[in-house]
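Below: one structure, written as structure tokens.
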Amino acid sequence: FSMTKAPLRNRDGEIRGLVGISRDVTERQLNEQVRDEFVSTVSHELRTPLTSIAGSLGLLAAGAAGTLPANAVHLIKIAHGNCERLVRLTNDILDLQHIDREAMDPQNEPIKVHALVEKAVEANKGYAETYGVEVRLEGNAKRAYVNANPDRLIQVITNLLSNAIKFSPRGSEVTIALATGNGTVSISVRDQGPGIPESARGRIFEKFFQVDASDSRQKGGTGLGLAIVKQILDHLDGRVEFKCPPEGGTIFTVRLPLAKVPATEKAPATEKT
Ligand code: ADP
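Under UniProt numbering, think of the first position of the sequence shown as 228, with each following residue one higher.
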């Protein structure tokens, strides 16, 4: 059941009572479950053939079948780009489903956050170069550990980092900063992009939501990146929030509970976590 409550006021605004509406949502939840299952099954069936088509088109565009007329190469490249977008979409849909399943057996381990973030920055270097963006890592939380599944945590960082990069103007900088405090580690990704319009701020973590629908074509997005980030963090007792500071750009911040530094790690005399 879902409950909605509202105070009942008289003309002077004094509360005279309470109105409650309860709805049976069992059927709605069941419908959502059936829909999610269906979408996952379809995505699963589509992924393998799509990956194979994308591979063949990529080879053709690269000249694997000899030199093709320029207009044929142009068309193949368009088909290749669209096919890759579909592969990303099916992967993201399946990821959302897997993340929920993994909650039963999360395979978490102590992770040194700084090293993992360095890895994510390195992996996104090529992507940043294509957008003409410089990525800088700052902060001194070098010994902070969290308990998480490393593949999922890297996915969180990569999704935020790749958004920051793709929405950044050429020649600008993206900074990723680590800090610790109050038993948590925070990872902030800051860009100098357009920010998020006020009307969209309540919706950006929704599945498939994009401020600009043409982004899925132009920037290869699926509208699922932030939904994935939120879902992973929900399972880790973590949080994600964002700010659009008055000077422009966006800062996404992830907070996770600090884990104990493993006994195998020697504490250097000068460094603080
Ligand atoms: P997408 O695949 O489109 O990036 P996301 O779920 O990752 O989907 O993000 C949803 C939407 O939120 C994006 O389409 C974009 O409109 C907005 N958004 C996310 N990150 C940023 C950012 N750093 N700067 C500006 N807008 C952003």
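Note that CB positions come from ideal geometry on N, CA and C, so glycine has one too.
Just so you know, these numbers come straight off a predicted model, no measurement behind them.
Alpha carbon to alpha carbon, how far is residue 246 from residue 421? Give it in angstroms, no decimals. Residue mapping note: residue 421 aligns to position 194 of the sequence shown, counting from 1. Residue mapping note: residue 246 aligns to position 19 of the sequence shown, counting from 1. Distance between the alpha carbons of residue 421 and residue 246: 43 Å.
Taking 8 Å as the cut-off, is the C-beta of residue 292 nearer than that to any heavy atom in the ligand ADP? Numbered from its first residue, the sequence shown carries residue 292 at position 65. Residue 292: no, Cβ never under 8 Å from the ligand ADP.
Fully enclosed by the region 236–315, which beta strand (DSSP E) runs are 3 residues long or longer? 242–250
DSSP three-state label for residue 414, please. For the purposes of this step, residue 414 is taken as residue 187 along the sequence shown, with counting starting at 1. Correct three-state label for residue 414: strand.
Taking all protein chains shown into account, decide if residue 499 is buried (16 or more other Cβ within 10 angstroms of its Cβ) or exposed. Numbered from its first residue, the sequence shown carries residue 499 at position 272. Annotation note: pLDDT 49 at residue 499 (below 50); position unreliable, coordinate value reported separately. Answer is exposed; the Cβ neighbour count stays below 16.
Please state whether DSSP places residue 422 in a helix, a strand or coil. Here residue 422 is taken as the residue at index 195 of the sequence shown, counted from 1. In the three-state DSSP reduction, residue 422 falls in the coil class, being neither helix nor strand.
So what does DSSP say about residue 232, is it helix, strand or coil? Stepping through the sequence shown from its first residue, residue 232 is reached at position 5. The three-state secondary structure of residue 232, taken from DSSP, is strand.
For residue 451, three-class secondary structure by DSSP: Sequence index remark: in the sequence shown, residue 451 carries index 224 (1-based). Residue 451: coil per DSSP, three-state reduction.
Beta-carbon separation (whole angstroms), residue 343 vs residue 380, contact threshold 8 Å: For this step, residue 343 is matched to residue 116 along the sequence shown. For this step, residue 380 is matched to residue 153 along the sequence shown. Sure, about 6 Å apart at Cβ, within 8 Å.
Which same chain residues, not among the five before or five after residue 336, have their C-beta less than 6 Å away from its C-beta? Within the sequence shown, numbered from 1, the residue matching residue 336 stands at position 109. Same-chain partners within the cutoff: there are none.
Check whether the Cβ of residue 322 lies closer than 8 Å to any heavy atom of the ligand NAP, and answer yes or no. Summarising the ligand content, the structure contains the ligand ADP and does not contain the ligand NAP.
May I ask you to report which of helix, strand or coil DSSP gives residue 377? Walking along the sequence shown from the start, residue 377 turns up at place 150. DSSP places residue 377 in helix when its eight states are reduced to three.
Could you pull out every residue in the same chain whose Cβ sits closer than 8 Å to the Cβ of residue 423, ignoring the five residues on either side in sequence? Here residue 423 corresponds to residue number 196 of the sequence shown, with the count starting at 1. Within the same chain, Cβ atoms closer than 8 Å to the Cβ of residue 423 are found at 431, 438, 469, 471 and 477, the five residues on either side in sequence being excluded.
Hey, is the region 314–321 in contact with the region 264–278, meaning 3+ C-beta pairs nearer than 8 Å? yes
Between the alpha carbons of residue 554 and residue 355, how many angstroms are there, rounded? Nothing can be reported for residue 554: it is not among the residues displayed for the chain, which extend from 228 to 500.
Would you identify the three-state DSSP class for residue 428, choosing helix, strand or coil? Here the question's residue 428 lines up with position 201 in the sequence shown. Residue 428: coil per DSSP, three-state reduction.
Nearest-angstrom Cα distance between residue 488 and residue 241? What you label residue 488 is simply residue 261 of the sequence shown in a count that begins at 1. What you label residue 241 is simply residue 14 of the sequence shown in a count that begins at 1. One C-alpha to the other measures close to 55 Å.
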